[in-house]
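In the order they appear, the protein sequences are chains L and G. By our numbering, the letter at position 198 of the first sequence is numbered 205, and the numbering carries on one by one without gaps. By our numbering, the letter at position 75 of the second sequence is numbered 593, and the numbering carries on one by one without gaps. In what follows, a single structure is set out as structure tokens and then discussed.
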Amino acid sequence: MPWWTRPLVRLAAALALPLLIPALITLILWALPGSPAEIICPPERCGAEATAELERHFHLDAGPLGFYTHWLGNAVQFDFGTSWRVMAGVRISEMLAGALPATTKLILIAMTLVLGASALATAQIIPKRLDPVWQAIGLLPTVILALLCAAYVTITYGAVSYDGWPGTLRLLMGGLVLGVADGTLGQAIQGTRSIFEEEVKQRYVGIAVLRGESVLSNTLPNVMPALAGQLRGRVLAMLSGSVVVEVVLGVEGLGQLVWDGTLKQDFGLVLAAAWAYALLSSALLAMQALVEIGTAWYVRRSPVVPEVA
Amino acid sequence: MKRAVWAGLAGLMLFTLLLLAATAPDRLPGMDAGARALGPGDFPPFGTDRDGRSLLVYAQQGAAIVALPTLLSGVIVAFLATIAGLARCAAIGWLDSGLQAFQELVGALPRLVVVLVVAMLLPYDWRTLMPIAFTWAILAAPAAMDEAAATAGRLGGARFVEALRAHGFTAGRIYLYHVTLLNLRPVIARQAAEVMMQVIFLEIALSYLADASGGDAASFTHSADTKSWASLLYEGYTWLAAGLPLAHAMALGLGLVGCTVLGTQAFRLAARAR
């Protein structure tokens, strides 16, 4: 398989993902028995009038293709309409923009922890014998760690402590949970270390050391694609876990918005939030593909060999 | 420890799960004001909740919610991983490429968000853990498929099959026995066991979030007259945060989570390579 196949597939997937997510949702909606509006909000629960209003509100009466093209046409202009139930009448794009910073902070805190620990482990500052400790901590699921953290904040600062230091503490603890739970930290430490350990065994590294070059400058370009792949997987897992962390710890982020929208059957909000997640995921895929392409170009450059006279 | 010991432990855990599920009552028993928040000593074996209901019923109903969907998700992941491994060995180019494209696309989705979208779109009558577990298994499959394909690749792929053919083995024996049972088994079993554990934790997370979002929030995984293992943790949380005498509920909830982790590890170790 040529080297460019994988990055090309990734770039194609990155382009397809934002189109595919609403298409899949549309497909599911129209594949299920009954009309889409009745599935989202059955008349016996919402009332016939509300169901009919929902149908008009989201253009569900235009058929699958009409709905899809209308929704996607507006989505590319970041116009998702207004919320149906979570914050009735408020523009969804405003809600998403308001929620994004909290989720970004959570992910950044978690990534700082994971990347820092991975770097320290690779530099052998964190010893290998501590690996069982990270693995043992990682056996705890996100929801358990998050509820223990929520209990601590509630006991210490009260149940409605969302501003000031308690609010910051919720964020920090949320990031910590995302970085540690479900084996994230243990896998990151072991994964990064093992990638470098395998690469260092290669013959070219030994020769480079003999030439007086550093190990890192030689190994890093070759391990970059693997590291980028691991990074993408971890950020995706964190985005997924952020839903649980945000709801349990009371952080007003994108995950909390998706959860509220799902509970209250706010179809437009959930669809828009899922699309936002798809865009983030596409960006990560594209990032990995570009790293792979960049690395391939870099390592395939012919070395400048002086001509023999 | 010997593999047989781990296999025995994994079997015991699975048997306990199925036994609890099979003996679970369909509905919650009525409230008993005289037996509120009793410990295991006063109300064996696990004590009662704040309404005087036995926590044993929570454990049984929670097991009934997760048992079948968990097994199904494990089977789906094992099947897809086997297909990916065999495709690499059989050197079927179009199938291998198709599976890789599937892995790229599906593996790029944030799982919990997709699960929530599916949960929202499901008609009310279909709201059980089964479709959610099915979705999760499909979303988790790319990692298992990738690892199985890589393992088959390291094995030698098509050259390994060719070498065995030269020994006169039939295709069935090569693919089912030599490739799948002897070489892919540890990967497939570990990945399936992990996804089974994830489905149990997913159920706990979704039910816990529904409990934490207020009493009127409908669960996506079970009916209103059954209790999930998450309800034990929620009862236990009131002990942590509000000081209610329900530490035994938290202990039972954490114990069940611990048993899930232990069962998964035992299954993984029982299926490991020699």
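Backbone N, C-alpha and C fix where the C-beta goes; we use that ideal spot for every residue, glycine too.
Residues of the region 245 to 256 of chain L with a CB closer than 8 Å to any CB of chain G: list them in chain order, please. So the close ones are L246, S247, G248, V250, V251, V254, V255.
C-beta atoms of M231 (chain L) and T119 (chain L) nearer than 9 Å: Remark: C-beta atoms of M231 (chain L) and T119 (chain L) do not approach each other more closely than 9 Å.
S168 (chain L) in three-state terms, based on DSSP: DSSP, reduced to helix, strand and coil, places S168 (chain L) outside both helices and strands of the structure shown, so it counts as coil.
Among G:T600, G:D643, G:L538, whose alpha-carbon lies nearest the alpha-carbon of L574 (chain G)? Cα-wise, what sits closest to L574 (chain G) is G:L538.
What are the start and end residues of the alpha helix (DSSP H) that includes Y693 (chain G)? Run containing Y693 (chain G): none; DSSP gives neither H nor E here.
Taking one C-beta from the region 521 to 539 of chain G and one from the region 780 to 792 of chain G each time, how about it: are there three or more such pairs within less than 8 Å? Because the criterion of three Cβ pairs below 8 Å is met, the region 521 to 539 of chain G and the region 780 to 792 of chain G touch.
Tell me the rounded alpha-carbon separation between A769 (chain G) and L155 (chain L). Near 13 Å, if we compare the C-alpha coordinates of L155 (chain L) and A769 (chain G).
What's the call for K6 (chain L), buried or exposed, on a 16-neighbour Cβ count within 10 Å? Absent from the model: residue 6 (chain L). The displayed extent of chain L is 8 to 316, so no value can be given.
Please state whether the Cβ-Cβ distance between G710 (chain G) and A596 (chain G) is less than 9 Å. For the record, residue 710 (chain G) in the displayed sequence is Ala; it is not Gly. Yes, they are a contact pair.
Do three or more CB pairs link the region 28 to 40 of chain L to the region 264 to 284 of chain L at distances below 8 Å? Yes, the region 28 to 40 of chain L is in contact with the region 264 to 284 of chain L.
Where V624 (chain G) and E680 (chain G) are concerned, what is the direct C-alpha to C-alpha distance, given to the nearest angstrom? Computed Cα separation, rounded: 32 Å.
What residues from the region 624 to 641 of chain G come within 7 Å of chain L, judged by C-beta to C-beta, listed N to C? Taking a C-beta cut-off of 7 Å against chain L, the contacting residues of the region 624 to 641 of chain G are A626, L627, P628, R629, L630, V631, L634, V635, A637, M638, L639, P641, listed in chain order.
Using a Cβ-Cβ cut-off of 8 Å (strictly less than) and excluding sequence neighbours within five positions of V212 (chain L), which residues of its own chain qualify? Non-local beta-carbon contacts of V212 (chain L) in its own chain, meaning distances under 8 Å to residues more than five positions away in sequence, involve E206, V222, N225, T226 in chain order.
Measuring alpha carbon to alpha carbon, tell me which residue in G:Y726, G:A730, G:M714 is nearest C777 (chain G). Minimum Cα distance to C777 (chain G) is reached at G:M714.
Alpha helix (DSSP H) segment containing V595 (chain G), residue limits: Its alpha helix (DSSP H) spans residues 573 to 608.
Under the three-state DSSP convention, the category R554 (chain G) falls into: Taken through DSSP and simplified to helix, strand or coil, R554 (chain G) comes out as coil.
Using a C-beta to C-beta distance shorter than 9 Å, which residues of chain L count as neighbours of L573 (chain G)? Chain-order list of chain L residues neighbouring L573 (chain G): empty, with the shortest C-beta distance near 18 Å, by a criterion of under 9 Å.
For the alpha helix (DSSP H) containing K112 (chain L), list its first residue and its last residue. Looking at the DSSP string, the run of the alpha helix (DSSP H) that includes K112 (chain L) is 99 to 129.
State yes or no: is the C-beta of T739 (chain G) within less than 9 Å of the C-beta of S725 (chain G)? Their beta carbons are under 9 Å apart, which means T739 (chain G) touches S725 (chain G) by this criterion.
To the nearest angstrom, how far is it from the Cα of W78 (chain L) to the Cα of S100 (chain L)? When rounded, the distance between both Cα atoms is 13 Å.
Run down chain L in chain order and give the residues with a C-beta less than 9 Å from the C-beta of A618 (chain G). With the sequence shown as reference, residue 618 (chain G) is identified as Gln, and Ala is not the correct amino acid for it. Near Q618 (chain G) (Cβ distances below 9 Å), the residues of chain L are T12, R13, V16.
If contacts are defined as beta-carbon pairs under 8 Å, then D664 (chain G) and Q621 (chain G) qualify, I think. What distance do you get, rounded to the angstrom? Right, their Cβ atoms sit about 6 Å apart.
Among L:G262, L:G41, L:G171, which has the Cα closest to the Cα of V250 (chain L)? Looking only at L:G262, L:G41, L:G171, the smallest Cα-Cα distance to V250 (chain L) is reached by L:G262.
Between the C-alpha atoms of I132 (chain L) and G193 (chain L), what's the straight-line distance to the nearest angstrom? Their Cα atoms are separated by approximately 15 Å.
I'd like the list of long-range same chain contacts for E800 (chain G), defined as Cβ closer than 7 Å, with 5 residues on each side in sequence excluded. Residue 800 (chain G) lies beyond the range of chain G shown here (519 to 792); nothing can be said about it.
Quick check on T739 (chain G): does DSSP put it in helix, strand or coil? Here T739 (chain G) sits in coil by DSSP.
Rounded separation between R609 (chain G) and R17 (chain L) - CA only: Before going further, note that residue 609 (chain G) is Ala rather than Arg in the sequence given. So the two alpha carbons sit approximately 22 Å from each other.
Note down, in chain order, every chain L residue with its Cβ under 7 Å from the Cβ of E622 (chain G). V16, R17, A20, listed in chain order.
Evaluate the contact criterion for the region 144 to 162 of chain L versus the region 754 to 761 of chain G: three or more CB pairs, one atom per stretch, below 8 Å. A contact exists between the region 144 to 162 of chain L and the region 754 to 761 of chain G.
Report yes if the CB atom of L243 (chain L) is closer than 9 Å to the CB atom of D189 (chain L), and no otherwise. Between L243 (chain L) and D189 (chain L), the C-beta gap is not smaller than 9 Å, which leaves the two residues out of contact.
For L751 (chain G), which of G:A728, G:A742, G:L657 has the nearest alpha-carbon? For the residues G:A728, G:A742, G:L657, the minimum Cα distance to L751 (chain G) belongs to G:A728.
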